[in-house]
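Participant:
There are 2 protein chains.
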Amino acid sequence: MKKYISILKRTRLFAGVGDSEIELLLPCLSARLCTYKKGEYVLRQGEHLSDIIVLVDGNLHIQKDDYWGNRSILGQISVGEMFGEAYVTPESGAVLNDVVALEDSVVVYFDVKKIITTCSSACRFHATVVQNMFFAISEKNRKLVQKLGHMSKRSTREKLISYLSEEAKRKKSSSFTIPFNRQQLADFLSVDRSAMSNELCKMRDEGLLEFQKNKFTLR
Amino acid sequence: MKKYISILKRTRLFAGVGDSEIELLLPCLSARLCTYKKGEYVLRQGEHLSDIIVLVDGNLHIQKDDYWGNRSILGQISVGEMFGEAYVTPESGAVLNDVVALEDSVVVYFDVKKIITTCSSACRFHATVVQNMFFAISEKNRKLVQKLGHMSKRSTREKLISYLSEEAKRKKSSSFTIPFNRQQLADFLSVDRSAMSNELCKMRDEGLLEFQKNKFTLR
DNA sequence: ACAAGTCCGTTGTATTTACAACAGAAAGAA
DNA sequence: TTCTTTCTGTTGTAAATACAACGGACTTGT
Numbered sequence: 003m004k005k006y007i008s009i010l011k012r013t014r015l016f017a018g019v020g021d022s023e024i025e026l027l028l029p030c031l032s033a034r035l036c037t038y039k040k041g042e043y044v045l046r047q048g049e050h051l052s053d054i055i056v057l058v059d060g061n062l063h064i065q066k067d068d069y070w071g072n073r074s075i076l077g078q079i080s081v082g083e084m085f086g087e088a089y090v091t092p093e094s095g096a097v098l099n100d101v102v103a104l105e106d107s108v109v110v111y112f113d114v115k116k117i118i119t120t121c122s123s124a125c126r127f128h129a130t131v132v133q134n135m136f137f138a139i140s141e142k143n144r145k146l147v148q149k150l151g152h153m154s155k156r157s158t159r160e161k162l163i164s165y166l167s168e169e170a171k172r173k174k175s176s177s178f179t180i181p182f183n184r185q186q187l188a189d190f191l192s193v194d195r196s197a198m199s200n201e202l203c204k205m206r207d208e209g210l211l212e213f214q215k216n217k218f219t220l221r
Numbered sequence: 003m004k005k006y007i008s009i010l011k012r013t014r015l016f017a018g019v020g021d022s023e024i025e026l027l028l029p030c031l032s033a034r035l036c037t038y039k040k041g042e043y044v045l046r047q048g049e050h051l052s053d054i055i056v057l058v059d060g061n062l063h064i065q066k067d068d069y070w071g072n073r074s075i076l077g078q079i080s081v082g083e084m085f086g087e088a089y090v091t092p093e094s095g096a097v098l099n100d101v102v103a104l105e106d107s108v109v110v111y112f113d114v115k116k117i118i119t120t121c122s123s124a125c126r127f128h129a130t131v132v133q134n135m136f137f138a139i140s141e142k143n144r145k146l147v148q149k150l151g152h153m154s155k156r157s158t159r160e161k162l163i164s165y166l167s168e169e170a171k172r173k174k175s176s177s178f179t180i181p182f183n184r185q186q187l188a189d190f191l192s193v194d195r196s197a198m199s200n201e202l203c204k205m206r207d208e209g210l211l212e213f214q215k216n217k218f219t220l221r
C-alpha cells in the first residue's frame, strides 16, 4: 500500500492532504488494495457495491455488453480517477456496467460509510476528503453530461466532431492522443466501426483533421 | 419561502431534517427563492453557477439546442429534485445546457460554499444535509448512466424498449405515464419523431405494448 | 361554435448507417 | 526471419433513419 501513497496524494480525492496524513487516513477509511490482471473484471454488472474505488495503476474501461454482443464503452478510467461512486447510496441498486482492466491494474477500495461518517477527531483531514469526494462526483457528473452531449448527436460525423473538439479543448491543443483504438472509439460513440472509419477518412480528405493511429490533429 | 418548507422537507436534500430545523438551516445556506413563468429559462448554456437549485413547484426540462436547431432533451426535473450540482466545483466551467420551465415554476437556490463548509454548531443538521447532497448527486450520477444506457442503443426500437422498460421498473408497474409528448420523447432519445412514432405503432401492432397519449402499458 | 394551433400517425423518398467481407499494414510471437 | 494476430481502411448491399409533407384528432382561446 505504501508505494501508492504518492499516487493517492495526487488524486482528486486526497487533494490538500499530505503524505503522512494519508497514511493516517487509510485505516480510518478501511482502505484495501486489489490487483487485477489484464482482461480481468474489477466490477461486474449486477454486483452490489459499498465502496468507492480509486485506480492507482493501470487502465480501465467502463463498458456493457448487451444480449446480442454489442459492446458500449461508457468511459475510460486513468490512474488517479475514482469510480463506483454512483452505486453506494442506500437506494442505489446493482452496478449497471462492467469495469474491466485493459492492462494489469491496481485499485484501492474505500468504505463509503467510513468516508461520509466523519470519525473521531484523530483524522482532522477527514472533512477535506468528504469535500474532495463531493467535487470529484460533481466532476464525474459533468463528464457524463458531456458524453451525453456527444451521444445525442444524430450522425456519426457530428458525434466525432463533438468528441474530438471536446478532447482538443480538454488537452488545450489541436493535437492530442485519444485513449481508444478505432473499435473502442466506435463502441464509445455507439456507432459502427467501419462507418466511422469511413467518415474519419472523408473528414481527413476534406481537410478537417489529420490522424496517425490514435493521434489526432484538428484543422 | 415558508409555504415551501413542507415541500423541502420531503426532498432528498433535507431527508431526516424536521420543519423547524429547515427554517434554521435556510438562512445558514443562503437560500433564495425564485419564480419563473412557463417558457422562461432558469439556466442558460454558458452561464456560471455557484448554487445548487431545488425545484419546489412546477416542471423543468434540461435541454440543449445546437446550431441547426436540433433539440436534445437531457432530462426532466420534477418537484423536489435538485439540479446544477455538476457546475459548482472550483474547476467546472460554464453550464452546458439550458434549463427551461415547462410551466410556471418555483425554485430555491442554495449557496454551495455554505453547504460544504460546515458552519457553526448552531445548525447541527448541517452535516446531514452534506450527506444527503452526496447521496443525491450519486443518485443523479446513476440516472445519467442509465440514460447513457438508452442512448447507446443503436436502433430506435431498442432505445424505446430500453427507456420504457426502465420506466416500468421505476414505477413498479407495467402501466405508467411518461413526462414527455412524442416530440419530447424523440428529443430525449435523440431520434426522429416520425420514425419513432412509426416504430411505436409497429410495436403496438406486434402486441409488445399499448398506449393512449402518454400512458403506456407493456405486455 | 369557430378558428387557430398543436399533436400524432402515416407515407414516400433521399440519405445514412449497419453488416459482412476482404486486403494491406502493423504489431507480436515463435 | 516467418507466421499469427490485430488493426485499419475500403467496398457493396441491405436495412434503418431523417426529412418533408399531409390529414385528422384534439386543445385552446375568443
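Protein sequences appear in the order of chains A and B.
According to our numbering, the residues represented by the first sequence are 3 to 221, in order.
According to our numbering, the residues represented by the second sequence are 3 to 221, in order.
Cβ atoms here follow ideal geometry from the backbone N, Cα and C, with glycine treated the same way.
If you're wondering where the values come from, they're calculated on a predicted model, not measured in any experiment.
Taking 8 angstroms as the cut-off, does the stretch 58-65 of chain A touch the stretch 73-81 of chain A (at least 3 CB pairs, one atom from each stretch)?
Facilitator: Touching, yes, given that three or more Cβ pairs across the two stretches are closer than 8 angstroms.
Participant: Looking only at its chain, what residues have a beta carbon closer than 7 angstroms to the beta carbon of glutamine 148 (chain B), apart from the 5 residues adjacent to it on each side?
Facilitator: Only Glu168 meet the Cβ criterion.
Participant: Compute the Euclidean distance between the alpha carbons of leucine 187 (chain A) and lysine 171 (chain A), then round it to the nearest angstrom.
Facilitator: When rounded, the distance between both Cα atoms is 18 angstroms.
Participant: Sort A:Arg184, A:Leu104 and A:Leu31 by Cα distance to methionine 198 (chain A) and report the nearest one.
Facilitator: Nearest of A:Arg184, A:Leu104 and A:Leu31 to methionine 198 (chain A), Cα basis: A:Arg184.
Participant: Within 9 angstroms of any Cβ in chain B, is that where the Cβ of glutamine 185 (chain A) sits?
Facilitator: For glutamine 185 (chain A), the answer is no, since every Cβ of chain B falls outside 9 angstroms of its Cβ.
Participant: 9 angstroms is my cut-off, CB to CB: does leucine 31 (chain B) come that close to chain A?
Facilitator: So no, leucine 31 (chain B) is outside the interface.
Participant: So which of A:Val19, A:Asp100 and A:Glu83 has the shortest CA-CA distance to glutamine 47 (chain A)?
Facilitator: Residue A:Asp100 is the option with its Cα nearest to glutamine 47 (chain A).
Participant: Where does arginine 144 (chain B) land, buried or exposed, given buried means 16+ other C-beta within 10 angstroms?
Facilitator: Classification of arginine 144 (chain B): buried, given that the 10 Å Cβ count is 16 or more.
Participant: Grouping DSSP H, G and I as helix and E and B as strand, with all else coil, what is glutamine 148 (chain B)?
Facilitator: In the structure shown, glutamine 148 (chain B) sits in a helix (DSSP, three-state: H, G or I).
Participant: State buried or exposed for lysine 155 (chain A), treating a residue as buried only when at least 16 other CB atoms are found within 10 Å of its CB.
Facilitator: Buried, by the Cβ-count rule.
Participant: Looking at the C-beta of serine 80 (chain A), does it have a partner C-beta in chain B at a distance below 9 angstroms?
Facilitator: Cβ-Cβ to chain B under 9 angstroms: no for serine 80 (chain A).
Participant: Is the distance from the Cβ of alanine 103 (chain A) to the Cβ of lysine 204 (chain A) below 9 angstroms?
Facilitator: No, they are not a contact pair.
Participant: Applying a beta-carbon distance threshold of less than 7 angstroms, which residues of chain B neighbour lysine 174 (chain A)?
Facilitator: The contacting residues do not exist; lysine 174 (chain A) stays about 13 angstroms from chain B at best.
Participant: Does the Cβ-Cβ distance between valine 108 (chain A) and leucine 45 (chain A) come in under 9 angstroms?
Facilitator: Their beta carbons are not under 9 angstroms apart, which means valine 108 (chain A) does not touch leucine 45 (chain A) by this criterion.
Participant: The stretch 136-147 of chain B: which residues have C-beta closer than 7 angstroms to a C-beta of chain A, in chain order?
Facilitator: So the close ones are Phe136, Phe137, Ile139, Ser140, Glu141, Lys142, Asn143, Arg144, Leu146 and Val147.
Participant: Which of the three DSSP states is assigned to serine 123 (chain A) in this structure?
Facilitator: Residue placement at serine 123 (chain A) is poorly supported in this model, since its pLDDT is 47, which falls under 50; the coordinates still yield a value, given next. The answer is coil: DSSP assigns serine 123 (chain A) none of H, G, I, E or B.
Participant: Given this structure, state the Cα-to-Cα distance separating asparagine 200 (chain A) from leucine 210 (chain A), to the nearest angstrom.
Facilitator: Approximately 14 angstroms, taken between the alpha carbons.
Participant: What residue ranges within the stretch 44-116 of chain A form continuous beta strand (DSSP E) runs of no fewer than 3 residues, ordered along the chain?
Facilitator: Counting only runs of 3 or more, we get 53-59, 62-67, 73-79, 100-103 and 107-113.
Participant: Any idea which residues DSSP pairs threonine 37 (chain A) with across the strands?
Facilitator: Answer is A:Val108, bridged to threonine 37 (chain A).
Participant: Using a Cβ-Cβ cut-off of 6 angstroms (strictly less than) and excluding sequence neighbours within five positions of isoleucine 139 (chain A), which residues of its own chain qualify?
Facilitator: Closer than 6 angstroms at the Cβ level, and outside the excluded window around isoleucine 139 (chain A), lie Glu87.
Participant: What is the residue span of the alpha helix (DSSP H) that serine 8 (chain B) lies within?
Facilitator: Where serine 8 (chain B) is concerned, the enclosing alpha helix (DSSP H) stretches over 7-11.
Participant: Starting from the C-beta of glutamate 83 (chain B), find all residues in its chain whose C-beta is less than 8 angstroms away, skip the five residues before and the five after it, and write them out in chain order.
Facilitator: Correct list, in chain order: Thr13, Arg14, Val56 and Leu57.
Participant: Would you list, in chain order, the members of the stretch 151-171 of chain B that have their beta-carbon closer than 9 angstroms to a beta-carbon of chain A?
Facilitator: Within the stretch 151-171 of chain B, the residues whose Cβ lies closer than 9 angstroms to some Cβ of chain A are Gly151, Met153, Ser154, Lys155, Arg156 and Glu160, listed in chain order.
Participant: Can you list the beta strand (DSSP E) stretches of 3 or more residues lying completely in the stretch 170-215 of chain A, in chain order?
Facilitator: As far as the stretch 170-215 of chain A is concerned, its whole beta strand (DSSP E) runs of at least 3 residues are 177-179 and 211-214.
Participant: Quick one: what does DSSP say lysine 155 (chain A) is sitting in, helix, strand or coil?
Facilitator: Looking at lysine 155 (chain A) - three-state DSSP - the assignment turns out to be coil, as it is neither helix nor strand.
Participant: Is leucine 26 (chain B) helix, strand or coil when you go by DSSP?
Facilitator: It is helical.
Participant: Determine the chain A residues that contact isoleucine 118 (chain B) at a beta-carbon separation under 7 angstroms, and present them in chain order.
Facilitator: Near isoleucine 118 (chain B) (Cβ distances below 7 angstroms), the residues of chain A are Gln133 and Phe136.
Participant: Below 9 angstroms on C-beta distance, what does serine 196 (chain B) contact in chain A?
Facilitator: The premise fails here: serine 196 (chain B) is roughly 14 angstroms from chain A at the closest Cβ pair, so nothing lies under 9 angstroms.
Participant: Straight-line CA distance for tyrosine 165 (chain A) to glutamine 214 (chain A)?
Facilitator: One C-alpha to the other measures close to 17 angstroms.
Participant: Using three-state DSSP, classify phenylalanine 218 (chain A) as helix, strand or coil.
Facilitator: Residue state, collapsed to three classes: strand.
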